[in-house]
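2 protein chains.
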Amino acid sequence: MMRTRPLKVALLGCGVVGSEVARIMTTHADDLAARIGAPVELAGVAVRRPDRVREGIDPALVTTDATALVKRGDLDIVVEVIGGIEPARTLITTAFEHGASVVSANKALLAQDGAALHAAAEEHGKDLYYEAAVAGAIPLIRPLRESLAGDKVNRVLGIVNGTTNFILDKMDTTGAGYQEALDEATALGYAEADPTADVEGFDAAAKAAILAGIAFHTRVRLDDVHREGMTEVTAADFASAKEMGCTIKLLAICERAGDGASVTARVHPAMIPLGHPLASVRGAYNAVFVESDASGQLMFYGPGAGGAPTASAVLGDLVAVGRNRVGGTTGPGESAYAALPVSSMGEVVTRYHISLDVADKPGVLAQVATVFAEHGVSIDTVRQQGKDGEASLVVVTHRASDAALGGTVEALRKLDTVRGVASIMRVEGE
Amino acid sequence: MMRTRPLKVALLGCGVVGSEVARIMTTHADDLAARIGAPVELAGVAVRRPDRVREGIDPALVTTDATALVKRGDLDIVVEVIGGIEPARTLITTAFEHGASVVSANKALLAQDGAALHAAAEEHGKDLYYEAAVAGAIPLIRPLRESLAGDKVNRVLGIVNGTTNFILDKMDTTGAGYQEALDEATALGYAEADPTADVEGFDAAAKAAILAGIAFHTRVRLDDVHREGMTEVTAADFASAKEMGCTIKLLAICERAGDGASVTARVHPAMIPLGHPLASVRGAYNAVFVESDASGQLMFYGPGAGGAPTASAVLGDLVAVGRNRVGGTTGPGESAYAALPVSSMGEVVTRYHISLDVADKPGVLAQVATVFAEHGVSIDTVRQQGKDGEASLVVVTHRASDAALGGTVEALRKLDTVRGVASIMRVEGE
């Protein structure tokens, strides 16, 4: 049943991921052909620096004119691994207009303009697949879109950024501070020269937006995601976490809020119990925990980045889109029918671990406890520690809204006896 | 874009899984309709005992004549959750002949007759989906068939039977013997009254056959799977495992053999290092570890059985097949193009932990070591322990073929100084 006319594939970008995609397309050509039902042919590669040597790629295929490439009109599939918003967005929509389906690894673009891109794909009857945009090689988009399509997902809780997990794991296991761990991550190539997108949570927030959208059949944009980075996590926080039987991870959390009539999405560092499967995710690995009505708790684990793993996800999509082309059909498009409102961070309900520096004199605990009570935040445990005339209070709360906790902290700061709020960290995964 | 004519679904079997499928089809009808693009209608339910009360199911839909039901000719999808070979096999092929696609949870049937069923589906241009047949709710078939379609899978290593994992976990954590742990599993409903299919590894072997077939694009039948149960695992084995920094799991292992020109599939108890992600899979949970060229190591974790989780997998397939019907297409069928030979157990290469009861006199170790050397099995470590005039030798080997190890053990048994071979266990996951 093999079709002989090859599927023509254009590659936009030929960096770490793109070159690996091109390599596997060549070395595994027979396998891909058998799985798709038609041979695949690399029809063009758009790059910024054409003079760079690209092993195994016919120089005649290389061009700097990506726009002309996607306008050729004879392409079946465009693989976009440039990243960033422009020119990727225009190139993808142009590809649809000129008859190609698209496989993308572009989380930032999908998180910002997913709805418009899906609409463009649907308008032209083409596929838009992007398994590689979230958690690298880990099959996650397809299981959420398809395997769990008959279930109701209530929560997605994941480690979706390998750089920050490497740093936090290093801090946890060696007692290193943030800067020292970041330096090691940079030296080993786990962190980029400018690590902002990772350590400030932008990368994870884009993935959270994509995951929330798919999990809840609702459009969630990057701007809807509450984002806190992990640059202020300290060795002292890890010591506190250990005392609680926890570790600290940068988590992306998407969940139904309140009675399920709205959704929230957020990224922030959080304490998580050592017994939780996410606590033992080491190094630069990613893992995503999915909780749903019928299937209970599922976890997906694997390498979250890297050329080869990301290429594996791209090629899985390439096979699926290729099969669809051969069969004259398209796969599932955007599913946003539920259209739930996205609630603000203030409505998120969770537990909190708060460290306060306080005056070491009688009555302080009573004052502090009163402030919590006035804001409706119930205290689970309090621990007092004296140190050199000063004292610290560690308060762990029961579940409370972020708004209530925020009000509590604001009021605590106004107390004369509270010298400072040393840290506030959410406690998740219980 | 909603189609108004509903998709007609027939349910074969209405036990723990079937009743949950029916329940979710009713309670989540709107969600399913939105995700499929057409409403779904329960058109008939075939059962053995029609007098049993079935909450929420219109008694007019219930029939004992499954054959007449699948022959109706107006069905879109038949969901088979009867299990076993017949009448399930005939009902499924009859369903294809009369125009329906099929969603099945039947691992035994798929492992035995998957090729014939796929051929029947293809002949009639229908879908055959069976995500629920392996590892319950865990999305595994679809990720392997689709997400990893652009990658080369080298090994699948999994805990795919919840009953045996519950028993082994109990033995590990409480020091209980096999019978005691089995009794508790039975009392808690994790083991059936006749636990043979689980504890003798038949259930896991069927799943191994299905996984190997999909992972290696090769037909692998139940008979091709080497199978050893876990009824002979003892508390002493767990003690030995602990000394090695390991625990014991019943593993399904599918891997490329030798130079990758053949495949093997096997189920047996094995020691696995505590640091391996599979070692911490507790209770009745399942987890499957997949190693591939590009994506490295992936793990899929979740509940491996139970009505609701299995129903979630069935409904995910129902949505996919329903979408295909609405779109007038079918999903990927059998992929067996690689057609690799299946090697016998003798060609499997792994490490071994062997406990010998030996005479406590000089020269025994030299004798034993000579036998290993003569069979080309290289020893990693030996530990001697004296006990009451007798002694035990614990030998851990380097990697060797199962055939070489078998020859070694046969020769050891003939030594006068070897009183008995107390246990042989493979060491995996390193």
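Sequence order for the protein chains is A and B. As numbered in the UniProt record's numbering, residues 1 to 430 make up the first sequence, in order. As numbered in the UniProt record's numbering, residues 1 to 430 make up the second sequence, in order. Where is the CB? At the ideal position from N, CA and C, for every residue including glycine.
query	result
Local conformation of E428 (chain A) per DSSP, three classes	coil
Under 8 angstroms by beta carbon: chain A residues contacting H28 (chain B)	G150 and K152
Where L157 (chain B) falls, given that 16 or more other Cβ within 10 Å makes a residue buried	buried
Rounded Cβ spacing between R145 (chain A) and P332 (chain A) (contact assumed at less than 8 angstroms)	6 angstroms
Reduced DSSP secondary structure (H/G/I, E/B, other) of S335 (chain A)	coil
Local Cβ density within 10 Å of I85 (chain B), reported as buried at 16 or more and exposed below that	exposed
Status (buried if at least 16 other CB within 10 Å, exposed otherwise) for H28 (chain B)	buried
Beta-carbon gap between V81 (chain B) and A111 (chain B) smaller than 8 angstroms	no
Within-8 angstroms CB hit, Y337 (chain A) to chain B	yes
Cβ neighbours of Y285 (chain A) in the same chain (closer than 8 angstroms, five flanking residues each side left out)	I159, G162, N165, Y301, G302, P303 and G304
Residue-chain proximity (K138 (chain B), chain A), Cβ-Cβ < 8 angstroms	Correcting the residue type first, residue 138 (chain B) is Ile in the shown sequence and not Lys. Closer than 8 angstroms to some Cβ of chain A, the Cβ of I138 (chain B) qualifies, so yes.
Continuous alpha helix (DSSP H) stretch holding S312 (chain A): start and end	G307 to G327
Buried/exposed call for P59 (chain B), threshold 16 Cβ in 10 Å	exposed
Selection of the region 269-281 of chain B by Cβ proximity to chain A, strictly under 8 angstroms	P277 and S280
Chain-order list of residues whose beta-carbon lies under 7 angstroms from that of R35 (chain B) (same chain, five-residue window excluded)	V319
Span separating the alpha-carbon of A155 (chain A) from that of G177 (chain A)	Position check: residue 155 (chain A) holds Arg in this sequence, whereas Ala was assumed. Each residue's alpha carbon lies about 31 angstroms from the other.
Residues near V267 (chain A) in its chain [Cβ-Cβ closer than 8 angstroms; skip 5 each side]	G201, A204, A205, A208, V225, H226, R227, E228, L250, L251, A252 and I253
Contact between the region 113-120 of chain B and the region 284-298 of chain B (3+ Cβ pairs under 8 angstroms)	no
I354 (chain A) and I424 (chain A) closer than 8 angstroms at C-beta	yes
Of the listed residues A:L315, A:H276 and A:E192, nearest to K152 (chain B) (C-alpha basis)	A:L315
Residues that DSSP places opposite V40 (chain A) in a beta bridge	A:L7
Exposure of P362 (chain A), with buried meaning 16 or more beta-carbon neighbours within 10 Å	exposed
Length of the line joining the Cα atoms of V421 (chain A) and L356 (chain A)	5 angstroms
Among B:D31, B:L12 and B:A133, nearest to V47 (chain B) - alpha-carbon criterion	B:L12
Close-in-space but distant-in-sequence residues of the same chain around A338 (chain A) (CB under 8 angstroms, 5 per side omitted)	F216, H217 and T218
C-beta contact flag for S312 (chain A) and A137 (chain A) at 8 angstroms	yes
8 angstroms contact criterion, which T329 (chain B) and V427 (chain B) should meet: CB distance rounded	That pair is no contact at about 47 angstroms.
DSSP-derived helix/strand/coil call for N161 (chain B)	coil
R256 (chain B) classed as buried or exposed, judged by whether at least 16 other C-beta atoms fall within 10 angstroms	buried
Cβ neighbours of V9 (chain B) in the same chain (closer than 8 angstroms, five flanking residues each side left out)	M25, V40, E41, L42, A43, L75, D76, I77, V78, V79 and L318
Test item: CB-CB of T94 (chain B) and V62 (chain B) under 8 angstroms	no
Closer than 8 angstroms to chain A by CB, R325 (chain B)	no
Chain-order list of residues whose beta-carbon lies under 7 angstroms from that of R23 (chain A) (same chain, five-residue window excluded)	G56
Below-8 angstroms beta-carbon distance, M171 (chain B) vs any chain A residue	no
Member of B:L415, B:S292 and B:D402 whose CA lies at the smallest distance from the CA of G150 (chain B)	B:S292
Opposing strand residues paired with R266 (chain B) [DSSP bridges]	B:H226 and B:I253
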